[in-house]
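The structure appears below as structure tokens.
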Amino acid sequence: MAQDDAALSARQPARSVWYNDPYKRGIAFQAITAVVLVIAAVWMWQNTLENLKRANLTSGFGFLTSRAGFDIAQSLIEYSADASYLRALMVGLLNTLSVAAAGIITTTILGLLIGIARLSRNWLIRKLATVYVEGFRNIPLLVIIFFWYKGVLNALPNVRDSIVLPFSMVLNNRGFYFPAPVFGEGSGAILIALVAGIAGAVFYARWAKAKQMETGVRPPVFWVNIALVLLPPLLVFFAFGAPLTFDLPVAGKFNINGGSMIGPEFMSLYLALSFYTASYIAEIVRAGIVGVAKGQTEAAYALGLQPGRTMRLVVLPQALRIIIPPMTSQYLNLTKNSSLAVAIGYADLVAVGGTILNQTGRAIEVVAIWLAIYVSISLTTSLFMNWFNRKMALVER
Amino acid sequence: MKKTLLTAAIAAAAFGFGVSAASADTLENVKKKGFVQCGVNGAGLLGFASQDTAGNWSGLDIDLCKAVAASVFGDATKVKYTPLSAKDRFPALQSGEIDLLARNTTWTISRDTQLGFNFRAVNYYDGQGFMAKKSLGVKSALELSGAAVCVQTGTTTELNLADYFKANKMDYKPVVFEKQEEVDAAYDAGRCDVYTTDQSGLYAIRLTLKQPDEHVILPEIISKEPLGPAVRQGDDKWFDIVSYAHYAMVTAEEFGITQANVDEMLTSENPDIKRFLGEEKDSTIGPDLGVDNKWAYNIIKAVGNYGESFERNVGEGSQLKISRGLNNLWSKGGLQYAPPIR
Chain V
1 MAQDDAALSA RQPARSVWYN DPYKRGIAFQ AITAVVLVIA AVWMWQNTLE NLKRANLTSG
61 FGFLTSRAGF DIAQSLIEYS ADASYLRALM VGLLNTLSVA AAGIITTTIL GLLIGIARLS
121 RNWLIRKLAT VYVEGFRNIP LLVIIFFWYK GVLNALPNVR DSIVLPFSMV LNNRGFYFPA
181 PVFGEGSGAI LIALVAGIAG AVFYARWAKA KQMETGVRPP VFWVNIALVL LPPLLVFFAF
241 GAPLTFDLPV AGKFNINGGS MIGPEFMSLY LALSFYTASY IAEIVRAGIV GVAKGQTEAA
301 YALGLQPGRT MRLVVLPQAL RIIIPPMTSQ YLNLTKNSSL AVAIGYADLV AVGGTILNQT
361 GRAIEVVAIW LAIYVSISLT TSLFMNWFNR KMALVER
Chain H
398 MKKTLLTAAI AAAAFGFGVS AASADTLENV KKKGFVQCGV NGAGLLGFAS QDTAGNWSGL
458 DIDLCKAVAA SVFGDATKVK YTPLSAKDRF PALQSGEIDL LARNTTWTIS RDTQLGFNFR
518 AVNYYDGQGF MAKKSLGVKS ALELSGAAVC VQTGTTTELN LADYFKANKM DYKPVVFEKQ
578 EEVDAAYDAG RCDVYTTDQS GLYAIRLTLK QPDEHVILPE IISKEPLGPA VRQGDDKWFD
638 IVSYAHYAMV TAEEFGITQA NVDEMLTSEN PDIKRFLGEE KDSTIGPDLG VDNKWAYNII
698 KAVGNYGESF ERNVGEGSQL KISRGLNNLW SKGGLQYAPP IR
């Protein structure tokens, strides 16, 4: 385009001054924009340095290695008040990632089911799904988070009146406690057996598919694969004499001690994020399914496929191409929305960073860390989803 | 380059535009605006800063803000309050959003140096304590091993808590919130066994719980918490005005000058009192401080002396009924001591 213009102006040299030439004018405007941006950036940078100096504040990231001095309740890695600020940030980051990962999995399943339910031929299911979508989509997320949190705190009993569930599981307003598995000697072999089993299942599924393509007869896949995944680890497990014990939750003086615990903060944030985002995903799924030409369904019915199979084998694979791109932005939203955790005291990246900001006074540095980390998480998610999208895209033969 | 831009953008948000407007001379700035912008406790801490149903503020910290306004303008109503959470208070002062921070804030060396503030006057000597449900049967903080403890983030309380439990080889589960209202609600709902904050705060918060009688404040005080007003470092004139607003209230109590008798005291023959109230001929104490010569008179007329303010807000005249203790005058066994006004 630009070259065409350049060629055009070259052919008619004397007709006008340079600033009437669209090509040169374009370059001039871009240069002006760039200069203004750079000047603004330099000005802000200088201003910041000067203001920091005037406020008698120092800057730099050296503080990250100093002792944190505060405790964090929910931590996936070893952490104590003696650890560094950097370690504290890691704890916050992992908490953010874990709630986002759990939320994304749940919200996808939930959204898919509700999206399909909105198109159901059953009047009640269809209306219930509509009520769900319209309800959750039109309530602010923070309100849903508070709803779950206050709901959890107020509906569940105190520690002393805990609900005791089977298998030593305990539920009260401090969290959900369950036995923590303690792996003994030989556990590594079980893991290897499990991985081998999964690999075997994948290969078997591929072979079965090739067989089906070739002969038109589909070998039994589902039950064979279940056996392939479960049997090897179980055999190894018993061969090593069942090297697995459980650390059971026990009632202490104040709290339940031992076992594993999921706190009410994580629970309410996870539920709120999943339920809220699922309402959007349901609409995306519905749009995707409706977007597949009706003839596809009718053709499948004409071939004698049942409605369930039609959906699973014919409609959904085509709908996915429409669904994936908007789905990516919902995943990103969910991850970013997890920063609302600060309202209910879940120790996510923003909450921990806020504490550090307050104890050290390093506002600019902490905000810079937040930005950098959220941008990285979002870009990584986008990259993965783009790859997945390309994989699912229509391959023309 | 990309990184620089990024940092600059943040910087712009936090500092680039904010501070440039606030001049280094806070007094000039305050006079130009016509009011003092005072950062106070946003959650409403009874006795320190809380609002009645009509929206009027009262409390020890509020009295200090009023005293500064009375000192500068001769009019205690020329104050505007910015309610702040523990987490937001320091950036608010650093960025120049407020002129002084009177938000039951503990004076520590790192806040004095690293955060770029100045502390001097202490308007309440406090210490960190614990509150627990009576039904737990706990008699001492040393029996708290394994307890879930509710605490507000970004406070010295949070750090003292970690240190105290570590020093006594006990463990605990911190339940941390950003806002005091959230901590209150979580404790009341039984999310944690113990509530920890400054002891004066525990007395105030206990009154707001559903059943105040069912909670006991444990005897241990685990830290020193000198609470006082903070200003930005590097503005000594404003620092002096704020510090001496408090010292004037203490001095008035030493002299026995009260809100009620301050007008009579103007005719006192005592040279110390005459000088203090600006009645000494050719005295330049007020102008040297940067305010009117009647500054101390204006303060006492507006909020009374320190003892009056204490009794009205946290002492016998209030719901809290806290005894003077460390906050009595030095001459009566406490720590409140003002430099001579001469």
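Quick mapping for you: the protein sequence lines, in order, are chains V and H.
The letter at position 229 of the first sequence is residue 229 when you use the numbering used here, and the numbering goes up by one with no holes.
The letter at position 123 of the second sequence is residue 520 when you use the numbering used here, and the numbering goes up by one with no holes.
Every residue gets a Cβ at the ideal spot worked out from N, C-alpha and C, and that includes glycine.
Item	Value
Sufficient close CB pairs (3 or more, under 8 angstroms) joining the stretch 693 to 707 of chain H to the stretch 462 to 471 of chain H	yes
Endpoints, the beta strand (DSSP E) within which residue 233(V) is located	Premise fails: residue 233(V) lies in the alpha helix (DSSP H), 222 to 239, not in any beta strand (DSSP E).
Contact check, residue 729(H) vs residue 721(H), beta carbons under 9 angstroms	yes
Chain V contact for residue 630(H) (CB, 9 angstroms cutoff)	yes
Continuous beta strand (DSSP E) stretch holding residue 525(H): start and end	525 to 530
Unbroken beta strand (DSSP E) run spanning residue 595(H), endpoints	591 to 595
Beta bridge counterpart(s) of residue 692(H) as assigned by DSSP	For residue 692(H), which the question treats as bridged, DSSP gives no partner whatsoever.
CB contact check: residue 550(H) to chain V, cutoff 9 angstroms	yes
Beta-ladder partner(s) of residue 612(H), from DSSP	530(H)
Any non-hydrogen atom of the ligand NAD within 8 angstroms of residue 245(V) CB	No copy of the ligand NAD occurs in the structure displayed, which carries no ligand at all.
7 angstroms CB neighbourhood of residue 503(H) in its chain, flanking five on each side removed	553, 622, 623, 624
Contact set between the stretch 38 to 70 of chain V and chain H, restricted to residues whose Cβ is under 7 angstroms from the partner	41, 44, 45, 47, 48, 51, 52, 54, 55, 56, 57, 69, 70
Test: residue 739(H) CB closer than 9 angstroms to a CB of chain V	no
Contact the stretch 428 to 435 of chain H vs the stretch 483 to 497 of chain H: 3+ CB pairs below 8 angstroms	yes
Given 8 angstroms, three or more beta-carbon pairs between the stretch 573 to 589 of chain H and the stretch 344 to 358 of chain V	yes
Extent of the continuous beta strand (DSSP E) run through residue 362(H)	Outside the shown range of chain H, which is 398 to 739, sits residue 362(H), and nothing can be said about it.
Delimiting residues of the beta strand (DSSP E) encompassing residue 627(H)	627 to 629
Below-9 angstroms beta-carbon distance, residue 439(H) vs any chain V residue	no
Neighbourhood of residue 409(H) by C-beta, 7 angstroms cutoff - its chain only, sequence neighbours within 5 removed	With a pLDDT of 46 at residue 409(H), under the threshold of 50, the modelled position of that residue is not reliable, and the figure given next carries that caveat. Answer for residue 409(H): no residue qualifies.
CB of residue 479(H) within 9 angstroms of CB of residue 629(H), strictly	no
Under 7 angstroms from the C-beta of residue 563(H): neighbouring residues of chain V	81
Beta-carbon spacing of residue 476(H), residue 638(H) below 9 angstroms	no
Per-residue burial, residue 401(H) [other beta carbons within 10 Å of its own, 16 or more giving buried]	Below a pLDDT of 50, predicted positions are generally treated as unreliable, and residue 401(H), at 41, falls in that range; the measurement from the model is reported next regardless. Label assigned to residue 401(H): exposed.
Selected residue, minimal CA-CA separation from residue 574(H), among 225(V), 340(V), 292(V), 179(V)	340(V)
Chain-ordered neighbours of residue 480(H) on chain V, where CB pairs are closer than 7 angstroms	Within chain V, no residue comes near residue 480(H); the closest Cβ sits about 17 angstroms away, beyond 7 angstroms.
Closer than 9 angstroms to chain A by CB, residue 345(V)	Included in the structure are the protein chains V and H, with no chain A among them.
Three-state secondary structure assigned by DSSP to residue 483(H)	coil
Distance, residue 385(V) Cα to residue 210(V) Cα	27 angstroms
Interface positions of the stretch 260 to 280 of chain V facing chain H (Cβ-Cβ less than 8 angstroms), listed along the chain	264
Partner residues on chain H for residue 253(V), Cβ-Cβ distance less than 7 angstroms	543
Contact set between the stretch 576 to 600 of chain H and chain V, restricted to residues whose Cβ is under 9 angstroms from the partner	576, 579, 580, 582, 583, 586, 587, 588, 589, 590, 591
DSSP state of residue 491(H) mapped onto helix, strand, coil	helix
Validate contact between the stretch 220 to 232 of chain V and the stretch 62 to 77 of chain V using beta carbons, cut 8 angstroms, 3 pairs	no
Distance between beta carbons of residue 92(V) and residue 352(V), contact taken as under 8 angstroms	3 angstroms
Whole-angstrom C-beta distance between residue 170(V) and residue 256(V), which should lie under 8 angstroms	5 angstroms
Extent of the continuous beta strand (DSSP E) to which residue 549(H) belongs	545 to 549
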